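Participant: I'd like to ask some things about the structure below.
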Amino acid sequence: MKFSRIIANSGEWLSGDGPNRHIVVSSRVRLARNLSKKPFPGWAKKAERLEVVKLVKDAVEHLPEMAESYSENLETLSSLEKQVLVERHLISREHAAKGVGSAVVMNAPQSLSVMINEEDHLRMQAICCGLQLDKVYEMINRVDSELEEVLDFAFDSRLGYLTACPSNVGTGMRASAMLHLPGLVMSDQINKIINSVNKIGLAVRGLHGEGTEAMGNLFQVSNQTTLGEAEDEIIGRLNRVIEQIIEHEQNARALLAQRKPITLHDQVGRAYGLLSQAYSMSSKEALNLLSIIKLGIDLCVFPDAHRFPIDELFIETQPAHLQKGAQTQKMSSEERDALRATIIRAKLLQVPQPDIDRLKIPTPATNEKK
Amino acid sequence: MQCDVCQSKEATVFLTQIVEGKMQKVNLCEACSKEKGVNDPTGFALADLLLGIGASQEIEKSPAAVKCGVCGFTQADFKKTGRLGCSHCYEVFAEGIEPMLKNMHKGTTHTGKAPVAYRAARVHGEKIKSLQANLSKAIESEEFELAANLRDQIKQVETELPK
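Chains as they are written, first to last, in the numbering used here: chain B, 1 to 370; chain F, 1001 to 1163.
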């Protein structure tokens, strides 16, 4: 499959539906695996890396899950194409920096992707919309079991799966969920939540993982340790914490609507005004304002039919996605900001003005359970 | 008291750590403690200070000349990259890696998924273990007929090696 074809559609995780979709944008699980007795990618010589790519790529391409897939060596991709994959969360920023001796394979719905020779020989991930970590783990676990039949994975009966960095040893698993938490941010509770989540051995990160800024009120929650707990225990722990965060977010939204309706109306109105009228907009500003529109949809201020077009803007207004659709060769950041504003204005034209009278306070999660 | 690192300024930060029964002390001035990141006094940081070269205590424990027989990786390489050379390195540098894993993770033993071949070995090992436990019990309660039976069973199971 060609790059242009696979990238023409947005990934399944963006367009699909899933439990708690209004707060949990996506669930993702990645597994790190290595071939036994072969030097890890960071230490291997070029010839050794090429050998691993050949071996692993062949095995991955023959998976039934990859019947319709896109598979490419990284040196044949332009830096723009790699960046597009990063913005879609299909490869890591680290992997995008790689060239000869690394590769990527993904399926057509973009729900499965395998990075070959990132930090480990294999980094495979499954991604899905809403909160469904169990399902996502099942997806990637099946791929792992199938690959295990043809590849000799490095495994130690005591330490588990062996990885280049000791911090991934054991399950080699990183499970994470992308959460949209405007309520907790607006009510200044987010730092309290982040601190308490960190204390129980889970990590909270920004939009693109480690060391990235939180934009658009999006936060990634993931497990930090991989040794000493089985996969289902890690996912169970993560699920319980995420459910707690969802409850807090719902309560925060309800409280905002009840106690600070003017602030809420004002924020939604301003976001709508800027997005529909601005002629230049940075990526950060766009994400932060789109987040408020998304909240407005959750609160019924905008019709639900506009959920997907707005969600799509979160990805379509990222720098590489803009450049990909542009006429000119390499846009300056001013040109990009202008193009971004144009695309957003066009889409906002379809969205009616916020109807504050329709604002529905979400039922706090605690009442729902009773 | 003078700072152990710069040997010039007054020490205001005092660190003590007990590693395997031996006490290690470091005295530092404000600036040096910040530079060495002492506000996070894990074993790493202290060992770095003591050795003064950014070497971690874990790696120091294995003799300096050790090299991985499979990939040629050394401790110096680990110091530089923070990554290991190949899966075999976990055996070669086991002594050094162990305490690090203890710091990083919830436990030091993997309890999750294992490749099919290992799963069979795991089940096999557990079967023998439980038979052996039954055997000890039988001997203790002087049920020698049962004990003889169990002993034969264990012999039988032991020959059925998983593939």
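Glycine residues also receive a C-beta, built at the ideal position from the N, C-alpha and C atoms. What you are looking at is a predicted structure, and each value in this text was computed from that prediction instead of being measured.
Counting pairs of Cβ atoms below 8 Å between the segment 86-102 of chain B and the segment 112-121 of chain B, do you hit three or more?
Facilitator: The answer is yes - the segment 112-121 of chain B touches the segment 86-102 of chain B, with three or more Cβ pairs under 8 Å.
Participant: Compare the C-beta of B:Asn-141 against all C-beta atoms of chain A and say whether one is closer than 9 Å.
Facilitator: Annotation note: the requested chain A is absent from the structure, which comprises protein chains B and F.
Participant: Please report the distance separating the alpha-carbon of B:Tyr-373 from that of B:Val-105.
Facilitator: Because chain B is modelled from 1 through 370, residue 373 of chain B falls outside the range shown and cannot be assessed.
Participant: Within this structure, are the beta carbons of B:Ala-154 and F:Thr-1111 separated by less than 9 Å?
Facilitator: Your numbering for residue 154 of chain B matches position 154 in the first sequence. Your numbering for residue 1111 of chain F matches position 111 in the second sequence. Going by C-beta atoms, B:Ala-154 is not nearer than 9 Å to F:Thr-1111.
Participant: Cβ of B:Asn-141 within 8 Å of any heavy atom in the ligand FAD?
Facilitator: As presented, the structure is devoid of all ligands, the ligand FAD included, so that no description of it is given.
Participant: Around the C-beta of B:Ser-332, are 16 or more other C-beta atoms found within 10 angstroms, so that it is buried, or is it exposed?
Facilitator: Taking the first sequence and counting its residues from 1, one reaches residue 332 of chain B at position 332. By the neighbour-count rule (16 or more Cβ atoms within 10 Å), B:Ser-332 is not buried but exposed.
Participant: Closer than 7 Å by C-beta to B:Ile-297: which residues in its own chain qualify, once you throw out the five before and the five after it? Chain order, please.
Facilitator: Position 297 of the first sequence, counted from the first residue, corresponds to residue 297 of chain B. Within the same chain, B:Ile-297 has close Cβ partners Asp-304, His-306, Arg-307, Ile-310.
Participant: On a Cα-Cα basis, can you pick out the residue from B:Gly-206, B:Gly-101, B:Val-84, B:His-121 that is closest to B:Met-215?
Facilitator: The residue given as residue 215 of chain B occupies position 215 in the first sequence. Nearest of B:Gly-206, B:Gly-101, B:Val-84, B:His-121 to B:Met-215, Cα basis: B:Gly-206.
Participant: Given a limit of 7 Å on CB to CB distance, which residues of the segment 36-61 of chain B reach chain F?
Facilitator: Within the segment 36-61 of chain B, the residues whose Cβ lies closer than 7 Å to some Cβ of chain F are Ser-36, Lys-37, Lys-38, Pro-39, Phe-40, Gly-42, Trp-43, listed in chain order.
Participant: Runs of 4 residues minimum, wholly inside the segment 261-323 of chain B: which ones carry the alpha helix (DSSP H) assignment?
Facilitator: Those alpha helix (DSSP H) runs which fall completely within the segment 261-323 of chain B and span 4+ residues are 261-277, 283-298, 307-316.
Participant: Comparing the C-beta of F:Met-1001 with each C-beta of chain B, is any distance below 9 Å?
Facilitator: As a working note, residue 1001 of chain F is residue 1 in the second sequence. Taking Cβ atoms only, chain B never reaches closer than 9 Å to F:Met-1001, which makes this a no.
Participant: Classify F:Cys-1006: buried if its beta carbon has 16 or more other beta carbons within 10 angstroms, exposed otherwise.
Facilitator: Translated into the one-based positions of the second sequence, residue 1006 of chain F becomes position 6. Per the 10 Å Cβ criterion, exposed.
Participant: Who are B:Leu-377's beta bridge partners in DSSP?
Facilitator: Not covered by the structure: residue 377 of chain B. The range shown for chain B is 1 to 370.
Participant: Could you give the DSSP three-state label for B:His-180: helix, strand or coil?
Facilitator: Locating residue 180 of chain B in the first sequence gives position 180, counting from the first residue. Residue state, collapsed to three classes: strand.
Participant: Following the continuous beta strand (DSSP E) through B:Leu-112, name the residue where it begins and the one where it ends.
Facilitator: By one-based count along the first sequence, residue 112 of chain B stands at place 112. Looking at the DSSP string, the run of the beta strand (DSSP E) that includes B:Leu-112 is 112-116.
Participant: Can you give me the Cβ contacts of F:Lys-1102 inside the same chain, cut-off strictly under 6 Å, excluding the 5 residues immediately before and after it?
Facilitator: By one-based count along the second sequence, residue 1102 of chain F stands at place 102. If we look at F:Lys-1102 and ignore the five residues flanking it on each side, its Cβ neighbours are Thr-1108.
Participant: What does B:Leu-162 touch in chain F if you count any residue whose Cβ is under 7 Å from its own?
Facilitator: To locate residue 162 of chain B, count along the first sequence from 1; it is residue 162. Neighbours of B:Leu-162 on chain F, chain order: Ser-1087, Tyr-1090.
Participant: In chain order, what residues of the same chain lie with their CB nearer than 8 Å to the CB of B:Val-301, ignoring the 5 residues before and after it?
Facilitator: Translated into positions along the first sequence, residue 301 of chain B becomes position 301. For B:Val-301, where only same-chain residues beyond five positions count, the Cβ hits under 8 Å are Val-268, Pro-354, Asp-355, Ile-356, Arg-358, Leu-359.
Participant: Nearest to B:Phe-3 by alpha carbon, out of B:Arg-158, B:Arg-33, B:Glu-72, B:Asp-58?
Facilitator: Reading the first sequence from its first residue, position 3 is the one you call residue 3 of chain B. Residue B:Glu-72 is the option with its Cα nearest to B:Phe-3.
Participant: Are B:Ser-27 and B:Gly-130 touching if we call contact CB-CB under 9 Å?
Facilitator: Translated into positions along the first sequence, residue 27 of chain B becomes position 27. Translated into positions along the first sequence, residue 130 of chain B becomes position 130. Yes, these two residues count as a Cβ contact at 9 Å.
Participant: Would you say B:Ala-203 reaches chain F, if we count a Cβ-Cβ gap shorter than 9 Å as a contact?
Facilitator: As a working mapping, residue 203 of chain B is identified with position 203 in the first sequence. Not closer than 9 Å to any Cβ of chain F, the Cβ of B:Ala-203 fails to qualify, so no.
Participant: Once the 5 residues before and after B:Glu-316 are set aside, which same chain residues still bring their CB inside 7 Å of it?
Facilitator: As a first step, residue 316 of chain B must be located in the first sequence, where it is residue number 316. The residues are Ile-343.
Participant: Between F:His-1124 and chain B, is the shortest Cβ-Cβ distance under 9 Å, so that the two count as touching?
Facilitator: By one-based count along the second sequence, residue 1124 of chain F stands at place 124. Not an interface residue.
Participant: Please tell me whether B:Gly-99 has its Cβ less than 9 Å away from any Cβ of chain F.
Facilitator: Walking along the first sequence from the start, residue 99 of chain B turns up at place 99. So no, B:Gly-99 is outside the interface.
Participant: Mind checking the segment 233-245 of chain B against chain F and listing, in chain order, the residues whose C-beta falls within less than 7 Å of any C-beta there?
Facilitator: The residues in question: there are none.
Participant: Would B:Val-386 and B:Met-173 be called neighbours here (beta carbons separated by less than 9 Å)?
Facilitator: Past the edges of chain B, shown from 1 to 370, lies residue 386 of chain B, and the structure says nothing about it.
Participant: Following the continuous alpha helix (DSSP H) through F:Ala-1121, name the residue where it begins and the one where it ends.
Facilitator: As a working note, residue 1121 of chain F is residue 121 in the second sequence. Counting along the chain, the alpha helix (DSSP H) containing F:Ala-1121 begins and ends at 1116-1140.
Participant: May I have the straight-line CA-CA distance separating B:Ile-361 from B:Ser-291, to the nearest angstrom?
Facilitator: Within the first sequence, numbered from 1, the residue matching residue 361 of chain B stands at position 361. Within the first sequence, numbered from 1, the residue matching residue 291 of chain B stands at position 291. Roughly 18 Å separates the two Cα atoms.
Participant: Measure the alpha-carbon distance for B:His-180 versus B:Ile-235 and round it to whole angstroms.
Facilitator: Here residue 180 of chain B refers to the residue found at position 180 of the first sequence. Here residue 235 of chain B refers to the residue found at position 235 of the first sequence. About 19 Å.
Participant: With 16 as the cutoff for other CB atoms within 10 Å, does F:Met-1100 come out buried or exposed?
Facilitator: Taking the first residue of the second sequence as 1, we reach residue 1100 of chain F at position 100. By the neighbour-count rule (16 or more Cβ atoms within 10 Å), F:Met-1100 is buried.
Participant: Assign B:Pro-352 to buried or exposed, taking buried as 16 or more other Cβ atoms, counted over all protein chains shown, within 10 Å of its Cβ.
Facilitator: Taking the first residue of the first sequence as 1, we reach residue 352 of chain B at position 352. Burial call: exposed.
Participant: Under the three-state reduction of DSSP, which class applies to B:Asp-337: helix, strand or coil?
Facilitator: For this step, residue 337 of chain B is matched to residue 337 along the first sequence. Reduced to three states, the DSSP call for B:Asp-337 is helix.
Participant: For F:Asp-1077, would you say it is in contact with chain B, using Cβ-to-Cβ distances shorter than 9 Å as the test?
Facilitator: Taking the first residue of the second sequence as 1, we reach residue 1077 of chain F at position 77. By this cut-off, F:Asp-1077 is an interface position.
Participant: Closest Cβ-Cβ distance between F:Val-1116 and chain B: below 9 Å?
Facilitator: Here residue 1116 of chain F corresponds to residue number 116 of the second sequence, with the count starting at 1. Chain B, which has a Cβ nearer than 9 Å to the Cβ of F:Val-1116, makes this yes.
Participant: According to the neighbour-count rule (16 or more other Cβ atoms, all chains shown, within 10 Å of its Cβ), is B:Ile-262 buried or exposed?
Facilitator: On the first sequence, position 262 is the one that residue 262 of chain B refers to. It counts as exposed.
Participant: Span of the beta strand (DSSP E) holding B:Arg-259?
Facilitator: Looking up residue 259 of chain B in the first sequence gives position 259. From DSSP, B:Arg-259 is part of no beta strand (DSSP E) but of the alpha helix (DSSP H) over 231-259.
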